[in-house]
Amino acid sequence: MEALDFTAERLRHLQDAFTVAADRARATMDRYADREDTGGPHPAREDDQRAHQPHQPGPGQSPGAPW
888 MEALDFTAER LRHLQDAFTV AADRARATMD RYADREDTGG PHPAREDDQR AHQPHQPGPG
948 QSPGAPW
């Protein structure tokens, strides 16, 4: 196994970068959590019609074949 050689300065730089990334992620989560128009969960495929149509077999497929 190869040892990683990080200097204290490099470790501080990495810590700062990860702290900034975590702060941005937290701010994004807070922004979406504080939305006023929360009328309940929305379906993941809100306008995807394939989710509502029965499977149509293609040429050479039996009706029971998976997509």
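The numbering used here puts the first residue of the sequence shown at 888, with every later residue one more than the last.
C-beta: ideal position from N, C-alpha, C; glycine also.
| query | Apart from the five residues on each side of it in sequence, which residues of its chain come closer than 7 Å, Cβ to Cβ, to ASP903? | reply | none
| task | State the Cα-Cα distance for the pair ALA914 and VAL907, rounded to the nearest angstrom. | result | 11 Å
| said: Output needed for ASP910: all residues of its chain with C-beta closer than 7 Å, excluding positions within five of it in sequence on either side, in chain order. | reply: none
| request: Give me the Cα-Cα distance between PHE893 and ALA912, rounded to the nearest whole angstrom. | output: Near 26 Å, if we compare the C-alpha coordinates of ALA912 and PHE893.
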